[in-house]
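Trainee: Residue numbers for the sequence shown follow this note's numbering, beginning at -8 and rising by one.
Even for Gly, the Cβ is constructed at its ideal location relative to N, Cα and C.
Since the model is a prediction, treat every value here as computed from it, not as a measurement.
Pasting a structure here, questions to come.
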Amino acid sequence: MLYGYDYTSGIRQFEGYGYVPSGSTGVCIQQVFGASSAATTAQLRVYSGSLTYYRSPVLSANIYDRWFRVNVIHDANANNVKVYIDGELKFNGGDNGDGTHYFKFGVYVQNDPSGYMESRWKDIKICRK
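Structure (structure tokens):
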């Protein structure tokens, strides 16, 4: 978690490069925390080598064992989340409501987890627009 970057309004962007070794499944690797109708506004999860937005849709198949660029743009005023993977828009939809939001990245257990879980990150940037 990055401290001091929480927000309740405006547009924020998370950018970085993620890497998930094969064998990690049932994990959340990045999220926008905080919402009125759920604990999170957005989650990027890995299931059987596919990167998903929550459980669906699939954002990118065959994500294991390679670096991939992640951009998550959250417009808290418009209640909108956009997810870009390797420069391609993969998700554009509503968030889960108002709240105090912040970005998290790492490994967080979800449904049907594997015994081995890992994600790596580099070149993390948080932007305010």
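Do you know offhand how far VAL74's Cα is from SER13's?
Mentor: C-alpha separation (whole angstroms): 22 Å.
Trainee: Residues in its own chain within less than 6 Å of SER28 by CB, not counting five upstream and five downstream?
Mentor: The answer, listed in chain order, is ASN87 and GLY88.
Trainee: Taking contact to mean at least 3 C-beta pairs separated by less than 8 Å, is the region 97 to 114 in contact with the region 17 to 27?
Mentor: Result yes; three or more Cβ-Cβ pairs closer than 8 Å.
Trainee: What is the DSSP secondary structure of ASN71, counted as helix, strand or coil?
Mentor: In this structure, ASN71 counts as strand in the three-state DSSP scheme.
Trainee: Grab the span of the beta strand (DSSP E) containing ILE117 for me, first residue to last.
Mentor: From DSSP, the beta strand (DSSP E) with ILE117 extends over 111 to 119.
Trainee: In whole angstroms, give me the CA-to-CA distance for TYR8 and ASN68.
Mentor: Straight-line Cα distance between these residues: approximately 27 Å.
Trainee: Between TYR(-4), GLY1 and GLY(-5), which lies nearest to VAL72 when the distance is taken from Cα to Cα?
Mentor: The shortest C-alpha separation from VAL72 is found at GLY1.
Trainee: In whole angstroms, what is the alpha-carbon distance linking GLN4 and GLY106?
Mentor: Straight-line Cα distance between these residues: approximately 31 Å.
Trainee: Between VAL37 and VAL11, how many whole angstroms is the CB-CB distance? I'm expecting something under 8 Å.
Mentor: Right, the Cβ-Cβ distance comes to about 5 Å (below 8 Å), so this counts as a contact.
Trainee: What's the gap between the Cα of ILE117 and the Cα of ALA26?
Mentor: Approximately 19 Å between the Cα atoms of the pair.
Trainee: Could you give the DSSP three-state label for ALA33: helix, strand or coil?
Mentor: Strand, per DSSP.
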